[in-house]
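All remarks here apply to the structure that follows.
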Ligand code: RB5
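In the working numbering, the protein residues as written are 37 to 179.
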């Protein structure tokens, strides 16, 4: 599995730490920016990561902004993207088990680096349960 990561300025520092952690674990990480702490617009990075997740094989996404909300709202405009804001390990596990989220969105201003790493580990170790959850996912797209 490959990982595509992106953030706005509020998530930039956490993105750099997470990228380092994941690369040390052996993941191939494609970084879509931002690459400085200067103020940027989160949709630009949400759209880049969403495109990669939709078009690259075996690729999951990580998005980070201050709250995790704006950047996931933008990513979820792409048909086929299921971006889930996750603030603890249990929510992250369920985002994969029940929602088959293909992007995890983190609130950089509300979690520590250690929490972020625990959340990502929980997300990437979890397995989609299918069954009734697949039926529900099939009803998400409306056009
Ligand atoms: C940037 O200040 C902040 O608005 C952004 O990171 C995010 O929290 C938006 O949802």
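The C-beta atom is built at its ideal place from N, Cα and C for all residues, glycine as well.
With 16 other Cβ atoms within 10 Å as the buried cut-off, status of residue i
i           : result
residue 88  : buried
residue 47  : buried
residue 105 : exposed
residue 143 : buried
residue 72  : exposed
Any non-hydrogen atom of ligand 1 closer than 8 angstroms to residue i Cβ
i           : result
residue 71  : no
residue 176 : no
residue 101 : yes
residue 257 : One cannot answer for residue 257 here, as it falls past the ends of the chain, which runs 37 to 179.
residue 105 : yes
Selection from the options that minimises the alpha carbon distance to residue i
i           : options              : result
residue 108 : 77, 63 and 165       : 77
residue 84  : 74, 73 and 96        : 96
residue 102 : 43, 162 and 178      : 43
residue 167 : 151, 157 and 133     : 133
residue 123 : 79, 59, 154 and 175  : 154
residue 38  : 52, 49 and 59        : 59
residue 165 : 56, 82, 178 and 131  : 131
residue 141 : 86, 171 and 161      : 86
residue 126 : 178, 70, 157 and 145 : 157
Sub-9 angstroms separation of residue i and residue j beta-carbons
i           : j           : result
residue 117 : residue 41  : no
residue 152 : residue 54  : yes
residue 147 : residue 98  : no
residue 128 : residue 162 : yes
Whether or not the stretch 111-118 and the stretch 56-68 are in contact is what I'm after, with contact meaning three or more pairs of Cβ atoms, one per stretch, closer than 8 angstroms; do they touch?
Counting C-beta pairs with one atom in each stretch, the stretch 56-68 and the stretch 111-118 have fewer than three that are closer than 8 angstroms, which means they do not touch.
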